[in-house]
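Structure, as structure tokens:
Protein chains: 2
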Amino acid sequence: MPRWEGGAQARLTRAAYELYLERGFEHVTVAEIAERAGLTKRTFFRYFDDKREVLFSGAPALQDAVVDAVANAPGDVAPIDVVVAALASAGSAITEIGEGARARQRLIESSNDLHEREMIKMVALRDAIAVALQARGLPGSRAALTAQAGVTAFQTAFERWAHAEGSADFGSLIDAALDDLRTAVNPVVHPDPPPPPGTS
Amino acid sequence: MPRWEGGAQARLTRAAYELYLERGFEHVTVAEIAERAGLTKRTFFRYFDDKREVLFSGAPALQDAVVDAVANAPGDVAPIDVVVAALASAGSAITEIGEGARARQRLIESSNDLHEREMIKMVALRDAIAVALQARGLPGSRAALTAQAGVTAFQTAFERWAHAEGSADFGSLIDAALDDLRTAVNPVVHPDPPPPPGTS
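Chains as they are written, first to last, in the numbering used here: chain A, 1 to 200; chain B, 1001 to 1200.
Shown next as structure tokens:
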């Protein structure tokens, strides 16, 4: 394997992913990651607070991109559509990475610690979206619920993508997830209504 | 103040709440909680993993009550209504505590650490509800979305209750929160309706 030349953060990230996938996240130490990267533990901790954070180094950029898209969306679009379009765009960028992003998702699902960290990042994303919606004039409580609904659709779409065969389009997946959320929350109307006269 | 006689866990819980409210959560140590309770740090750690967990000792009972209510709901009720009824019942039991439950909520909102721990408990609750819905025959993805929607309504209702004056009924609050969630996710239909005659 040719020696991979990159900055310290990129080398540590690559080493961590390799080791997590080889041995399982729980069985890898920071010392081992640093050694594989040819660096010191001290260097590791200059870039990451702990071994979980390696998997979340992209979270600030994701959040900034989504918040910018919400802030810059046209004014006449419904808030939920603004949020889902912003998340669809960010999700498409991630899923275009392909296998690396799927491997990351499987790692997160393999570890309770990583799953908790992921949830905390999603709550932060939700709160940032809610603030951006309030800046567009939406009342606080409505902004929070809309942001939560969007993030729920995003997480659902992402899980489906990670476990799907082939390359499903993320935009279609998040639209389908939003439809499923609507179905889940809406009252069920099934009192066997008679068909209107003259229709089939 | 009369010496409060109770089991060690109850004494530690009371001491922790007193100190958190007096000094702020971040500025209290486990040693101080143990001292106020007339017990040792060692005893504290027999009951709680850390000083955050004192506020979440009720989480397993809450989760069990909600899961039982979901499991035992009649079969002909829509899944979202099953979940919201179960959460309404559990939430009513909590809000009947009154000021103590409001103080707890304010503490949680005062600390990022506590807020994160609360989010993790809510994710665990959501996942447990989803499993209970699957046991009722709902497909996995639909069960997860329904559970998430219910927990979102619960959190929204609880925040509104904690910040409301007086004693709002939790059942009404969670129903209103679910309605607001429906409004947030549903497509907006507003093809510029003309104003009703006689209004400005």
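We treat Cβ as the ideally placed atom computed from N, Cα and C, and that holds for glycine.
Remember, predicted model here, so these are calculated numbers, not experimental data.
Which of helix, strand or coil DSSP assigns to residue i
i: E96 of chain A; result: coil
i: F48 of chain A; result: coil
i: N112 of chain A; result: helix
i: P1079 of chain B; result: helix
i: L12 of chain A; result: helix
i: A103 of chain A; result: helix
i: G91 of chain A; result: helix
i: A1071 of chain B; result: helix
i: E5 of chain A; result: Low confidence applies to E5 of chain A: its pLDDT is 49, below 50, so where it sits in the model is not reliable enough to give any reading.
i: S1200 of chain B; result: Note that S1200 of chain B scores a pLDDT of 48, beneath 50, so its modelled location is shaky and nothing firm can be said.
Rounded straight-line distance, which links the Cα of residue j to that of residue i
i: A8 of chain A; j: V1131 of chain B; result: 43 Å
i: G85 of chain A; j: G100 of chain A; result: The displayed chain sequence assigns Ala, not Gly, to residue 85 of chain A. Approximately 23 Å between the Cα atoms of the pair.
i: L55 of chain A; j: V1123 of chain B; result: 20 Å
i: S1092 of chain B; j: Y1017 of chain B; result: 22 Å
i: T29 of chain A; j: R36 of chain A; result: 11 Å
i: A1078 of chain B; j: V1070 of chain B; result: 11 Å
i: A88 of chain A; j: I108 of chain A; result: 21 Å
i: V82 of chain A; j: R182 of chain A; result: 16 Å
i: G1075 of chain B; j: A59 of chain A; result: 42 Å
i: T57 of chain A; j: P187 of chain A; result: Residue identity differs from the one stated: residue 57 of chain A is Ser in this sequence, not Thr. Whole-angstrom Cα-Cα distance: 40 Å.
i: L1062 of chain B; j: R1046 of chain B; result: 22 Å
i: D1169 of chain B; j: A1162 of chain B; result: 12 Å
i: R160 of chain A; j: E1022 of chain B; result: 47 Å
i: L1019 of chain B; j: D1050 of chain B; result: 15 Å
i: E1096 of chain B; j: A1164 of chain B; result: 14 Å
i: G98 of chain A; j: H27 of chain A; result: 25 Å
i: A1031 of chain B; j: G171 of chain A; result: 52 Å
i: T1013 of chain B; j: R136 of chain A; result: 43 Å
i: Q148 of chain A; j: E118 of chain A; result: 15 Å
i: G140 of chain A; j: I94 of chain A; result: 29 Å
i: D64 of chain A; j: D1064 of chain B; result: 38 Å
i: W1004 of chain B; j: G1038 of chain B; result: Low local confidence applies: a pLDDT of 48 at W1004 of chain B is under 50, so the model's placement there is unreliable, and no value is given.
Proximity of residue i and residue j at Cβ, strictly below 7 Å
i: A1184 of chain B; j: T146 of chain A; result: yes
i: R52 of chain A; j: L138 of chain A; result: no
i: Q1134 of chain B; j: A1143 of chain B; result: yes
i: F48 of chain A; j: S111 of chain A; result: no
i: V151 of chain A; j: L125 of chain A; result: yes
i: A15 of chain A; j: I33 of chain A; result: yes
i: I1120 of chain B; j: E116 of chain A; result: yes
i: A90 of chain A; j: V66 of chain A; result: yes
heavy atom of the ligand PLP below 6 Å from residue i C-beta
i: S1172 of chain B; result: Ligands are entirely absent from the displayed structure, and the ligand PLP is therefore not among its contents.
Report task. Output the residue ranges of the alpha helix (DSSP H) runs that lie fully inside the region 1018 to 1064 of chain B and measure 4 residues or longer, sorted by chain position. Result -> 1030 to 1037 and 1041 to 1047
Requested in this report: Kindly confirm or deny that the region 90 to 109 of chain A and the region 30 to 44 of chain A touch, where touching means at least three C-beta pairs closer than 8 Å.
Outcome: no
Query raised in the report: Considering only residues of the region 1114 to 1191 of chain B, which uninterrupted alpha helix (DSSP H) runs meet the minimum length of 4 residues and lie entirely inside it, listed in chain order?
Result: Whole alpha helix (DSSP H) segments, 4+ residues: 1140 to 1163 and 1170 to 1185.
Query raised in the report: Taking three-plus beta-carbon pairs below 8 Å as touching, is the region 172 to 180 of chain A in contact with the region 149 to 162 of chain A?
Result: yes
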